[in-house]
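Following: one structure in structure tokens, then a few remarks.
Number of protein chains: 2
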Amino acid sequence: MENYKIDDVAKECGLTKRTIRYYEEIGLLFAPDRSDGGTRLYSRAHIDQLKQITNAREVLGFSLQEMQDYVSASNKIAERHQGYLQTEDRDQKRKELLELESIVAHQLQIIDQKLAKIAEVRQMTEVRYQRVQEALKNLPE
Amino acid sequence: MENYKIDDVAKECGLTKRTIRYYEEIGLLFAPDRSDGGTRLYSRAHIDQLKQITNAREVLGFSLQEMQDYVSASNKIAERHQGYLQTEDRDQKRKELLELESIVAHQLQIIDQKLAKIAEVRQMTEVRYQRVQEALKNLPE
DNA sequence: TATATATTTAACGTCAACGTTAATTATATG
DNA sequence: CATATAATTAACGTTGACGTTAAATATATA
Chain A
1 MENYKIDDVA KECGLTKRTI RYYEEIGLLF APDRSDGGTR LYSRAHIDQL
51 KQITNAREVL GFSLQEMQDY VSASNKIAER HQGYLQTEDR DQKRKELLEL
101 ESIVAHQLQI IDQKLAKIAE VRQMTEVRYQ RVQEALKNLP E
Chain B
1 MENYKIDDVA KECGLTKRTI RYYEEIGLLF APDRSDGGTR LYSRAHIDQL
51 KQITNAREVL GFSLQEMQDY VSASNKIAER HQGYLQTEDR DQKRKELLEL
101 ESIVAHQLQI IDQKLAKIAE VRQMTEVRYQ RVQEALKNLP E
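Order-wise, the sequence lines are chains A and B.
Heads up: the first sequence runs through residues 1 to 141, numbered per UniProt numbering.
Heads up: the second sequence runs through residues 1 to 141, numbered per UniProt numbering.
And the structure:
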């Protein structure tokens, strides 16, 4: 299992080292293991998660605060799916799942709104592009 | 032709008055006519343009600086399309049009990248949603 | 026309999301 | 193993995008 140092992660994810430490500081990113000397050692899972975070942030336009909720929800779902957290009582479990369902449903709703809006903007931009093309065609030689 | 005051515009566009003045200040919005007393009087065109700006900004994730370039290009195209700016020489005209073409083509490219990314994020979110649904179904009564 | 409400400019304040710097310690390399 | 390069924490700095306040007009309304 390979290890990556912070600069490797930064380059692969297109972020700065400061940003990565900052994300860890505010609890957006899992703290990685450390070497004996204290150097952060990342795994591929960290890199993948970081990429997902920046991707989601970019398309959703969320603040880092909002991203924490987003990430928190998806982590809970991942944990559950891997078989952890199976010890609580039924009512508690159901309640938590229903809350997760509502959160993720809301996220889907936001995403779909974004999709609709971006389609609209694309349409308007496309029209502009065609106008420029037309103007170029109509230019006398 | 109706006139709107800044608070009407703010409400319809979902912005604050400060934001609208700020956009005008940095040249993102055309300065509207004023009453004799100095009160800003907006037309429907202003409102429509402002809505387009906020829409595009939201989906593209542009900074206000980047939006200026975006708006500047679309304004040039609109002017041209309405028959202004027809007096320069052919080479100059062609050069400008080619530059506009490149700018708008780039915008389309960015939009399509966004669309691809958002589709990816939607897919992952959808998977999470299904997992929650599944977990709810598998809950013993 | 008096008065309440809204608008204007100017200036300073704020907050998120990092950037930058410095001093210190780790790790890699000839 | 010496030394160059990289990582760490801590702290202060910066920047974009407005918020807020104040003092002076303008506009709307009883």
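Using N, Cα and C, we set each Cβ at its ideal position, and we do this for glycine too.
{"Asked": "Exposure label - Val127(A); buried when at least 16 CB within 10 Å", "Found": "exposed"}
{"Asked": "Neighbour list for Gly61(B) in chain A, Cβ cutoff strictly below 7 Å", "Found": "Glu58 and Gly61"}
{"Asked": "CB of Gln68(B) within 9 Å of CB of Ile26(B), strictly", "Found": "yes"}
{"Asked": "Status (buried if at least 16 other CB within 10 Å, exposed otherwise) for Ala73(B)", "Found": "buried"}
{"Asked": "CB contact below 9 Å: Asp69(A) versus chain B", "Found": "no"}
{"Asked": "Cβ-Cβ distance between Ile110(A) and Leu41(A) below 9 Å", "Found": "no"}
{"Asked": "Neighbour-count burial assignment, Arg90(A), 16 or more Cβ in a 10 Å radius", "Found": "exposed"}
{"Asked": "Cα-Cα separation, Thr125(A) to Leu100(B)", "Found": "12 Å"}
{"Asked": "8 Å contact criterion, which Lys5(A) and Thr39(A) should meet: CB distance rounded", "Found": "7 Å"}
{"Asked": "Buried versus exposed call for Lys76(A) [16 or more other C-beta atoms within 10 Å across all chains shown]", "Found": "buried"}
{"Asked": "N- and C-terminal bounds of the alpha helix (DSSP H) containing Ala45(B)", "Found": "Arg44 to Leu60"}
{"Asked": "Chain A within 9 Å of Ile118(B), Cβ atoms only", "Found": "yes"}
{"Asked": "Neighbour flag for Glu66(A) against chain B, beta carbons, 9 Å", "Found": "no"}
{"Asked": "Where Thr125(B) meets chain A, residues with beta-carbon distance less than 7 Å", "Found": "Val104, Gln107, Leu108 and Ile111"}
{"Asked": "Residue of Leu108(A), Ala45(A) and Lys117(A) minimising C-alpha distance to Val9(A)", "Found": "Ala45(A)"}
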